[in-house]
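Taking it in order: structure first as structure tokens, then the write-up.
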Amino acid sequence: VFQRISDQGMPIVSVDNPLASLELSLFGGHVLSFMPKKDNRQRLWMSPKAVMDGSKPIRGGIPVCWPWFGAASDGNLPAHGFVRDQMWQILRVDDDQEQTRIQLQPERAYLNPGQEHLDLMLELLIGEQLTLNLITQNRQAHSIRFGGALHSYFRVQNIDHAEIQGLSGAYLDKVQDTSAEQTPSPYLISSETDRIHVNAVSQASIIEGEQQAVTIGFKGHDSIVVWNPWQEKSAQMADMTTDGYRKMLCIEAAITQGIELAPGQSHILTQIIS
Ligand code: BG6
């Protein structure tokens, strides 16, 4: 495990152990890449135009969204919360034969600016698979309510041939602003897609041809978000290339409805990438 400063002046942590390699940006507590050694295949997608100088959230990898998912109820506050564009610090690193464990925390975690700080920690377990545990602890004397997501961008070879398996049931369609009763089967992406699957299953996969591109396990979530901006929306985004959307698919362990935490309780949102 070693730390370097990127060309844009941002601290990057690199992990290289017998089972995998990973890169983590301390800006955002943001995993940039994950490559298991059994096949040396990159699981995550990073936009070639991602801004990496700390001036805005990084487009690609695994942004941490907290303490809410999506647009803020107060339009002056940022989408996806406060932690994906602040500096995080490493609390602890443990290395053994099987995995490397890194625990980190953002500089400031609060529900709203000006309110008391909360305890938020991201734990990475890096081995043949990558486990992310986003741990929210309520040390306040009153209940808190929060949401969030592990907003993973997965790499696909060709979006036209990528199929999502494992999701089922009803979803909210944020593009059409409607709800649908049934997840499509086969589940292919051929236009702008922004969906909140409220059936919080515990596993989904992206399949490309015969190959299992990636399998994602979820815990502590209330929904699973599927997002691809497609062509027109990408063209409006300064940090997307013209055809970047053809190589990526976001599948996110999410808390979109909110979780109530009583004083003293903690909650873990988990995503396992294999
Ligand atoms: C997805 C949301 O999770 O993130 C989309 O469902 C949103 O609505 C997308 O557009 C990207 O958000 P941002 O803030 O990183 O551009």
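Just so you know, we're using the working numbering here: the sequence shown kicks off at 116 and counts up by one.
Don't be surprised by glycine CBs; every beta carbon is placed ideally from N, CA and C.
Within the model, the alpha-carbon separation for residue 136 versus residue 246 is close to 13 Å. For residue 238, the enclosing beta strand (DSSP E) starts and ends at 234 to 241.
The beta carbon of residue 151 lies closer than 6 Å to those of 135, 243 in the same chain, with the five residues before and after it left out.
Only exposed fits residue 357, as fewer than 16 other CB atoms lie within 10 angstroms of its CB.
Within the same chain, and ignoring the five residues on either side of residue 132 in sequence, the residues whose Cβ sits closer than 6 Å to its Cβ are 215. Comparing alpha-carbon positions, the option among 149, 217, 225 lying closest to residue 201 turns out to be 225.
Using a cutoff of 6 Å, the CB of residue 342 counts as near the ligand BG6, since one of the ligand's heavy atoms is closer than that. Judged by beta-carbon spacing, residue 364 lies within the 7 Å limit of residue 271, meaning their Cβ atoms are closer than that value. Note on the region 149 to 236: whole beta strand (DSSP E) runs with a minimum of 3 residues are 203 to 210, 215 to 221, in chain order. Going by beta carbons, residue 388 and residue 321 fall outside the 7 Å limit. Boundaries of the alpha helix (DSSP H) around residue 348: 345 to 350.
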